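Undergrad:
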Amino acid sequence: PVVADLAGLELSAEDRTRLSHPLVGGVILFARNYRDRNQLTALCADIHALRDPPLFIAIDHEGGRVQRCREGFTQLPAMQQLGQWWDKDPTAARAGARDIGYLLAAELRDCGVDLSFTPVLDLDWGRSGVIGSRAFHRDPQVVIALAGALIDGLHSAGMGCCGKHFPGHGWVEADSHIAIPVDERSPAELAIDMAPYRALPLDAVMPAHVIYPRVDHRPAGFSPVWIRTLREELGFDGVIFSDDL
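Residue numbers (the working numbering): 6 to 250.
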């Protein structure tokens with residue numbers, strides 16, 4: 006199924022026709038689709054009314070610089086700030102991560118959005134500009150603790166989670182939205198980046214548009230090798246979403 010986007014603030018006749026196609030499985034919203042909470046609520050209601058069962062509605066709403074809905078929503082911190090907080094007070098940081106997860110989900114669910122593509126599980130290697138402050142921490146155990154608390158908050162507000170970008174986007178420097186990053190590390194070296202995917206209760210996973218040539222010549226999201234790793238070695242049986250193309 007395709008996850009489709011929309012041009013504007015409300016459904017056009019063309020949108021209604023496209024979203025009614027059986028190969029469309031969901032909708033992703035961007036900043037151009039948001040004016041205020043009332044408009045978002047009406048748009049989500051119209052999308053949900055098109056199909057039975059209704060199409061799910063997703064959005065990239067992580068906090069920091071990746072937050073599509075701003076006016077009328079709580080401004081959430083970048084996840085790196087939680088990692089910095091952890092270094093000073095792990096107990097408080099964990100509680101804060103859970104509260105942020107609950108708030109993030111509750112505000113979106115109140116308007117009718119079903120899923121935010123969060124949390125980012127990439128390790129903060131200090132190399133990737135496109136990941137940067139979106140990553141919690143360099144230590145995978147801290148990422149597991151903070152992302153796990155955030156997921157608890159999401160779940161308690163009635164929202165699933167989507168871990169990204171499998172098996173790890175934090176090492177490569179290129180931005181996969183505009184280039185094809187290549188991570189030359191060995192499978193053994195990649196294991197540390199995969200630790201959060203082994204430990205966390207993920208509802209969905211978004212693979213990276215990164216090539217790991219010592220594993221496969223194809224980007225992870227379109228690699229049978231990496232998908233089998235996710236399904237068979239890690240035992241993940243949830244939804245796999247492609248990242249934005």
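All C-beta atoms in this analysis are idealised placements derived from N, C-alpha and C, irrespective of residue type, glycine included.
Quantities reported herein were computed from a predicted structural model and do not represent experimental measurements.
I need the boundaries of the beta strand (DSSP E) containing alanine 209, first residue and last residue.
TA: Counting from one through the sequence shown, the residue named residue 209 turns up at place 204. Segment 209 to 212, the beta strand (DSSP E) holding alanine 209.
Undergrad: Who are the Cβ neighbours of threonine 79 in its own chain at under 7 Å, not counting the five residues just before and after it?
TA: Walking along the sequence shown from the start, residue 79 turns up at place 74. The answer, listed in chain order, is Leu108, Glu112.
Undergrad: When DSSP builds the beta bridges, which residues end up paired with proline 224?
TA: Locating residue 224 in the sequence shown gives position 219, counting from the first residue. Note: proline 224 sits in a beta bridge opposite Ile216.
Undergrad: What separation, rounded to the nearest whole angstrom, lies between the Cα atoms of proline 192 and arginine 70?
TA: Translated into the one-based positions of the sequence shown, residue 192 becomes position 187. Translated into the one-based positions of the sequence shown, residue 70 becomes position 65. Roughly 31 Å separates the two Cα atoms.
Undergrad: Between which two residues does the beta strand (DSSP E) containing glycine 30 stretch?
TA: Walking along the sequence shown from the start, residue 30 turns up at place 25. First-last of the beta strand (DSSP E) with glycine 30: 29 to 34.
Undergrad: Rounded to a whole number of angstroms, what is the C-alpha to C-alpha distance between tryptophan 90 and glutamate 19?
TA: Residue mapping note: residue 90 aligns to position 85 of the sequence shown, counting from 1. Residue mapping note: residue 19 aligns to position 14 of the sequence shown, counting from 1. Computed Cα separation, rounded: 47 Å.
Undergrad: Among Val210, His214, Ile52, whose alpha-carbon lies nearest the alpha-carbon of cysteine 116?
TA: Taking the first residue of the sequence shown as 1, we reach residue 116 at position 111. If we check each option's Cα against that of cysteine 116, Ile52 comes out closest.
Undergrad: From which residue to which residue does the beta strand (DSSP E) around cysteine 167 run?
TA: Stepping through the sequence shown from its first residue, residue 167 is reached at position 162. 167 to 171 is the extent of the beta strand (DSSP E) around cysteine 167.
Undergrad: According to the Cβ coordinates, are valine 8 and phenylalanine 246 closer than 9 Å?
TA: Counted from its first residue, the sequence shown places residue 8 at position 3. Counted from its first residue, the sequence shown places residue 246 at position 241. Yes. Within cutoff.
Undergrad: By Cβ distance below 7 Å, which residues in the same chain neighbour valine 147 in space, the five residues on each side in sequence not counted?
TA: Residue 147 sits at position 142 when you count from the first residue of the sequence shown. Cβ neighbours of valine 147 beyond the five flanking positions: Gly88, Trp91, Phe141.
Undergrad: So, are the CB atoms of aspartate 129 and cysteine 167 less than 9 Å apart?
TA: Taking the sequence shown and counting its residues from 1, one reaches residue 129 at position 124. Taking the sequence shown and counting its residues from 1, one reaches residue 167 at position 162. The answer is no: Cβ separation not under 9 Å.
Undergrad: Can you name, in chain order, every residue of its own chain whose Cβ lies under 6 Å from the Cβ of glycine 219, other than the five neighbours on each side?
TA: The residue given as residue 219 occupies position 214 in the sequence shown. According to the sequence provided, residue 219 is arginine. The question's glycine does not apply to it. Ser191.
Undergrad: State the beta-bridge partners of glycine 68 as determined by DSSP.
TA: Reading the sequence shown from its first residue, position 63 is the one you call residue 68. Answer is Val71, bridged to glycine 68.
Undergrad: Hey, could you find the ends of the alpha helix (DSSP H) alanine 200 is sitting in?
TA: Here residue 200 refers to the residue found at position 195 of the sequence shown. Here the alpha helix (DSSP H) through alanine 200 covers 192 to 204.
Undergrad: Given a cut-off of 9 Å, decide if aspartate 127 and glycine 173 are closer than it, judged by their beta-carbon atoms.
TA: Here residue 173 refers to the residue found at position 168 of the sequence shown. Here residue 127 refers to the residue found at position 122 of the sequence shown. Cβ atoms of glycine 173 and aspartate 127: closer than 9 Å.
Undergrad: For asparagine 38 and leucine 11, which I take to be in contact (beta-carbon distance under 8 Å), what is that distance rounded to the nearest angstrom?
TA: Translated into the one-based positions of the sequence shown, residue 38 becomes position 33. Translated into the one-based positions of the sequence shown, residue 11 becomes position 6. Confirmed, Cβ separation roughly 6 Å.
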